[in-house]
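Heads up: the sequence shown begins at 0 in numbering that gives the first Met the number 0, then just goes up one per residue.
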Amino acid sequence: MLDVGPVAWGWQDQCWTLARIGALVHERFGIEYTPAGLDVLLHRIGWSVQVPARRAAERDEDAIAAWREETWPVRTVADLGAWLCFEMSPARARGRPGAAPGAAAAIPR
0 MLDVGPVAWG WQDQCWTLAR IGALVHERFG IEYTPAGLDV LLHRIGWSVQ
50 VPARRAAERD EDAIAAWREE TWPVRTVADL GAWLCFEMSP ARARGRPGAA
100 PGAAAAIPR
């Protein structure tokens, strides 16, 4: 079932994920597994995590070359004579990430 690849089952690329396998198992057999459960089952039958190749099979060299010529040389902030500034909160500057904006307040124990 998995040997034919994800494209045969309707996905656009050649990458099996636990979510995709789980959806396929549920569709074909009516059984739902957690990703961790699927991981255990797949390892038991000899499947392992694979790292994808550095370049996609669908890579379009002509489109990449056009993008590099047309889009890449976009004007930068310096070209516009502007400044780009980032502000750091005082709490973060002191190395207290828990006190950073948006973080929950720490409750002393």
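All C-beta atoms, glycine included, are put in the ideal place defined by N, C-alpha and C.
Asked, Found
"Span separating the alpha-carbon of Ile20 from that of Arg58", "25 angstroms"
"Where Asp61 falls: helix, strand or coil (DSSP)", "helix"
"Proximity below 8 angstroms, CB of Asp38 to CB of Leu17", "yes"
"6 angstroms CB neighbourhood of Ala7 in its chain, flanking five on each side removed", "none"
"Ala35 versus Glu86: straight-line alpha-carbon distance, rounded", "41 angstroms"
"Endpoints, alpha helix (DSSP H) assigned at Glu26", "17-28"
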